[in-house]
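Protein chains in written order, with this note's numbering: chain A, 27 to 155; chain B, 27 to 155.
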């Protein structure tokens with residue numbers, strides 16, 4: 027059995043601060059990154075926290091994108107989860123890295139639904155970049 | 027620096043089929059699991075796919091919960107991501123396992139924003155159950 031989807035977990039540190047509290051920019055980045063990956067946005071939502079921080083989420087025809095920002099610390103947590111063979115979530119991640127301009131970032135990929143996750147071959151279900 | 031949040035990735039196989047296409051039940055499970063974890067739901071959304079499958083997402087005051095169901099295959103992909111010290115995402119996961127009744131499941135925990143993810147100590151940023 028193949029995996030049901032590719033879930034990329036993107037961690038970004040020391041991002042460009044002015045983007046992290048700009049809801050319109052984050053909505054635009056989510057939308058553009060979905061397009062870049064070949065995914066279709068079905069619904070998109072966000073919430074602005076007080077005093078700072080934004081959560082943006084898109085339900086995709088192919089799963090979801092979620093972004094949480096910590097503007098004071100400069101940290102951003104991103105999930106790009108796409109199912110099917112017609113999307114490449116790495117392209118969404120590349121666009122988001124360009125948009126947030128982190129000084130440091132890590133991407134983990136989890137093959138969701140893969141039988142590798144069930145057993146002892148856990149390391150094979152992950153890859154890092 | 028501590029992690030910003032705990033992200034539990036729950037994989038469930040051979041779930042109870044009638045739940046997987048029941049949007050109301052999934053919304054209720056997301057809401058109850060957030061409460062169980064000590065989290066606050068800010069916004070909640072879902073989408074019903076044709077011919078089957080549901081995506082449900084909740085933006086939490088403490089990050090997010092996302093659920094995707096594959097009713098034909100019996101597979102469900104769940105993410106429970108909570109930040110702060112007052113939530114326990116494992117309690118949400120426990121409730122979701124009770125609700126979906128999988129014959130097989132795996133939980134991975136990723137410490138989001140942890141410096142362990144940056145370096146070579148990747149295995150320490152993960153744990154499985």
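Beta carbons are placed, not taken as given, at the ideal position from N, Cα and C, and that holds for glycine.
Fair warning: this is a prediction, and the values are worked out from it, not measured in the lab.
Output the boundary residues of the beta strand (DSSP E) element that contains residue i.
i: residue 117 (chain B); result: It is not in any beta strand (DSSP E) - residue 117 (chain B) instead sits in the alpha helix (DSSP H) that spans 115-126.
i: residue 31 (chain B); result: 31-39
i: residue 102 (chain A); result: 101-109
i: residue 86 (chain B); result: 80-86
i: residue 68 (chain B); result: 67-74
Could you give the first and the last residue of the continuous alpha helix (DSSP H) run that contains residue i?
i: residue 59 (chain B); result: 49-63
Is residue i helix, strand or coil when you go by DSSP?
i: residue 130 (chain A); result: strand
i: residue 46 (chain A); result: coil
Consider the Cβ of residue i: report whether some Cβ of chain A lies at a distance smaller than 8 Å.
i: residue 85 (chain B); result: yes
i: residue 81 (chain B); result: yes
Could you confirm whether any beta carbon from chain B is found closer than 8 Å to the beta carbon of residue i?
i: residue 59 (chain A); result: no
i: residue 111 (chain A); result: no
i: residue 30 (chain A); result: yes
Give me the chain B residues within the contact set of residue i, using Cβ-Cβ distance strictly less than 9 Å, ordered along the chain.
i: residue 105 (chain A); result: 33, 90, 92, 105 and 107
Which one or two residues does DSSP pair with residue i in a beta bridge?
i: residue 95 (chain A); result: A:102
i: residue 137 (chain A); result: A:32
Starting from residue i, find everything on chain A with Cβ-Cβ shorter than 7 Å and list it in chain order.
i: residue 71 (chain B); result: 69, 71 and 85
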